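Going by the numbering used here, the sequence shown opens with residue 534, and the numbers climb by one from there. Ideal placement from N, C-alpha and C gives every residue a C-beta, glycine not left out. Just so it is clear, the structure is predicted and the values come from calculations on it, not from any experiment. Comments concern the structure below.
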Amino acid sequence: MLRPIHALAAAAAALALLTACNSASTNGTSPGRPGDAPGTTRGVTADSIRVGGIVSMTSASGYSKKDTDLGAKARYLRANAEGGVNGRTIDYIGAEDDGQDPGKNTAAARKLVQQDKVFAVSPMSSVTFSGADFLQREKVPTFGWGTLPSFCGPEYIYGFNGCLVPTPGGTINQTWPEGIARILGGAAGKSVAIVANDSDAGKFGVATFRQGFAGAGFTVSYAKASVPGTAVPSDWSAYVKEMLTSNGGKAPDAVVSVMQTPNNIGLFTALKRAGYRGVLTDPTDYDPGLLAKDATRQALDGVYVLLQFEPFESQNRAMARFKADIKAAAGGQNVPLNLHMMTGYMSADLFLSIAGKAGRNLTAETFQSAARTFSDTGTLVGDRAEPKGQKDSFGCGALVRLKDGAYEVAVPFACHEPTPFK
534 MLRPIHALAA
544 AAAALALLTA
554 CNSASTNGTS
564 PGRPGDAPGT
574 TRGVTADSIR
584 VGGIVSMTSA
594 SGYSKKDTDL
604 GAKARYLRAN
614 AEGGVNGRTI
624 DYIGAEDDGQ
634 DPGKNTAAAR
644 KLVQQDKVFA
654 VSPMSSVTFS
664 GADFLQREKV
674 PTFGWGTLPS
684 FCGPEYIYGF
694 NGCLVPTPGG
704 TINQTWPEGI
714 ARILGGAAGK
724 SVAIVANDSD
734 AGKFGVATFR
744 QGFAGAGFTV
754 SYAKASVPGT
764 AVPSDWSAYV
774 KEMLTSNGGK
784 APDAVVSVMQ
794 TPNNIGLFTA
804 LKRAGYRGVL
814 TDPTDYDPGL
824 LAKDATRQAL
834 DGVYVLLQFE
844 PFESQNRAMA
854 RFKADIKAAA
864 GGQNVPLNLH
874 MMTGYMSADL
884 FLSIAGKAGR
894 NLTAETFQSA
904 ARTFSDTGTL
914 VGDRAEPKGQ
924 KDSFGCGALV
934 RLKDGAYEVA
944 VPFACHEPTP
954 FK
């Protein structure tokens with residue numbers, strides 16, 4: 534049974550009262566969790582598995598990942614329509630809004646576990662993941678977009694397309710540099726400038742992509758996590774001037790932004806006004822909803838967007854099923870598709886796939902045992918394998934380009950051999 538997000542507040546008291554019933558024993562011998570009665574598994578009953586999410590529905594900049602929740606709901610709805618997981622339906626209670634605030638992220642994780650008694654958190658999509666240590670300690674399987682360090686290493690935390698911010702000993706997904714090299718006719722003699730927000734995610738992003746582009750043969754002429762993460766700059770001139778003279782006094786061949794849409798709009802607009810004619814690229818602006826405003830459409834026109842999943846323009850069975858599932862979750866409406874929907878959908882899909890492999894006796898331990906030998910192929914993010922994905926990315930992706938008010942596939946979805954991260 535799925536419940537809409539807007540019902541959460543009204544149901545909070547009832548959920549607390551129902552917790553004891555919803556923590557019924559699955560087989561009488563399952564190990565307990567903090568706050569559970571002996572012999573129970575948190576969030577698992579004889580006929581349901583309770584799951585919640587953490588998503589940045591709101592933020593100070595106005596940027597929202599709210600459609601991540603719709604994507605997760607779409608996948609859980611289909612799972613339930615197909616009979617659930619090993620005889621249990623998914624009781625998805627919706628996503629908590631962390632507002633991109635570390636304190637709220639931790640509070641959301643605690644609420645989902647201690648009050649709502651979820652078995653898993655899927656999806657988790659934010660630029661902050663301060664609740665990761667708590668979820669790991671409580672043995673809560675957690676799934677999201679692996680763009681933060683917490684998705685790389687902890688046993689119970691999974692990126693739906695693997696670990697995208699690796700630690701030494703891991704690997705780097707080469708989709709972005711390989712795709713830009715293809716657009717530029719090769720990397721030899723070409724330079725890139727990489728820019729990100731002054732945040733933990735931004736710093737890791739710069740370190741990762743700097744090594745990835747250099748490994749592909751590019752000269753990295755500029756790589757800084759210097760843009761404030763709390764507010765979009767009103768004046769980009771200093772950043773633009775520094776980037777456009779970074780290549781030995783000349784402009785780089787490509788500007789790589791590891792930032793969110795409001796920052797990208799400001800930066801790309803300023804670069805175009807300064808006369809820049811090179812490649813502009815980012816990993817976030819694949820959203821038809823952005824095309825509604827002329828100023829936004831103009832700012833992002835010509836921008837190449839990194840995708841780590843099949844483009845919506847793909848004509849295969851898996852994409853057709855995704856679109857049908859989103860339409861069903863949206864009440865039969867044809868809503869504009871975006872990457873946040875895919876984040877929620879594939880986070881839920883990976884959780885469901887591992888839970889299915891775990892069998893009827895579902896506990897945190899049996900779930901982890903199933904994850905340690907999990908693999909599948911041909912998904913919307915390519916081939917998947919665990920625990921490989923907790924150290925490496927799944928290595929697949931594509932580039933799309935916004936042109937004349939519509940997206941087109943610039944570099945088709947493909948998998949690339951990752952490079953070691955040092």
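Suppose the cutoff is 7 Å on Cβ atoms and the five residues either side in sequence are ignored; what does the same chain contact list for F927 look like? Counted from its first residue, the sequence shown places residue 927 at position 394. Around F927: N694, G695, V914, G915, D916, R917.
Hey, would you say G664 sits closer than 8 Å to W678, going by beta carbons? For the purposes of this step, residue 664 is taken as the residue at position 131 of the sequence shown. For the purposes of this step, residue 678 is taken as the residue at position 145 of the sequence shown. Taking C-beta atoms as the reference points, G664 and W678 fail to come closer than 8 Å.
Backbone CA spacing between G738 and P699 [nearest angstrom]: By 1-based counting over the sequence shown, the position of residue 738 is 205. By 1-based counting over the sequence shown, the position of residue 699 is 166. C-alpha separation (whole angstroms): 10 Å.
Between the CA atoms of L610 and D624 - distance to the nearest angstrom: On the sequence shown, residue 624 is found 91 positions in, with the first residue counted as 1. On the sequence shown, residue 610 is found 77 positions in, with the first residue counted as 1. In a straight line, the C-alpha of D624 is about 10 Å away from that of L610.
Specify, as a first and last residue, the run of the beta strand (DSSP E) that T675 falls within. Within the sequence shown, numbered from 1, the residue matching residue 675 stands at position 142. Under the DSSP assignment, T675 falls in the beta strand (DSSP E) whose first and last residues are 675–677.
Within this structure, are the beta carbons of G745 and P710 separated by less than 8 Å? Locating residue 745 in the sequence shown gives position 212, where the first residue counts as 1. Locating residue 710 in the sequence shown gives position 177, where the first residue counts as 1. Yes, Cβ-Cβ distance for G745 and P710 is below 8 Å.
Leaving out five residues on either side along the sequence, give the residues of the same chain with a beta carbon under 8 Å from the beta carbon of Q707. Stepping through the sequence shown from its first residue, residue 707 is reached at position 174. Correct list, in chain order: G745, G748, A749, G928, H949, E950, P951, T952.
In whole angstroms, what is the alpha-carbon distance linking K955 and V725? Here the question's residue 955 lines up with position 422 in the sequence shown. Here the question's residue 725 lines up with position 192 in the sequence shown. Approximately 20 Å, taken between the alpha carbons.
Coil, strand or helix - M657 by DSSP: Numbered from 1 along the sequence shown, position 124 holds the residue referred to as residue 657. Taken through DSSP and simplified to helix, strand or coil, M657 comes out as strand.
Going by CA-CA distance only, name the one from S880, F845, G864 that's closest to F946. Here residue 946 refers to the residue found at position 413 of the sequence shown. The shortest CA-to-CA distance from F946 to any of S880, F845, G864 is the one to F845.
So K637 and G576 are in contact, right, with Cβ under 8 Å, and what is the actual spacing, rounded? Working through the sequence shown from its first residue, we reach residue 637 at position 104. Working through the sequence shown from its first residue, we reach residue 576 at position 43. Here K637 is actually not in contact with G576; their C-beta atoms are around 22 Å apart, not less than 8 Å.
If you drop the 5 nearest sequence neighbours on each side, which residues of the same chain put their C-beta closer than 6 Å to that of L956? The structure shown has nothing for residue 956, since the chain only spans 534 to 955.
Local conformation of K723 per DSSP, three classes: The residue you call residue 723 lines up with position 190 of the sequence shown. Coil, per DSSP.
Inter-residue Cα distance where the pair is A943 and E843: In the sequence shown, the residue the question calls residue 943 occupies position 410. In the sequence shown, the residue the question calls residue 843 occupies position 310. Computed Cα separation, rounded: 12 Å.
If you run the structure through DSSP and keep just helix, strand and coil, what is S663? For the purposes of this step, residue 663 is identified with residue 130 of the sequence shown, where counting begins at 1. Per DSSP, reduced to three states, the secondary structure at S663 is coil, with no helix or strand assignment.
Which runs of the alpha helix (DSSP H) at least 4 residues long sit entirely within the stretch 828–903? Give them in chain order. Listed in chain order, the complete alpha helix (DSSP H) runs (minimum 4 residues) inside the stretch 828–903 are 850–862, 872–891.
Quick check on the DSSP output: the alpha helix (DSSP H) that includes D733 runs from which residue to which? Within the sequence shown, numbered from 1, the residue matching residue 733 stands at position 200. Counting along the chain, the alpha helix (DSSP H) containing D733 begins and ends at 733–748.
Check whether the Cβ of V791 lies closer than 7 Å to any heavy atom of the ligand ZN, and answer yes or no. Inclusion of the ligand ZN in the displayed structure is not the case, the ligand content being empty and no account of it being possible.
Going straight from the alpha carbon of A904 to that of T578, what length do you get? Position 371 of the sequence shown, counted from the start, is the residue given in the question as residue 904. Position 45 of the sequence shown, counted from the start, is the residue given in the question as residue 578. Straight across, the Cα-Cα distance linking A904 with T578 is about 21 Å.
In angstroms, rounded to a whole number, what distance separates the CA positions of D820 and S659? Indexing the sequence shown from 1 puts residue 820 at position 287. Indexing the sequence shown from 1 puts residue 659 at position 126. When only Cα atoms are considered, D820 and S659 end up about 17 Å apart.
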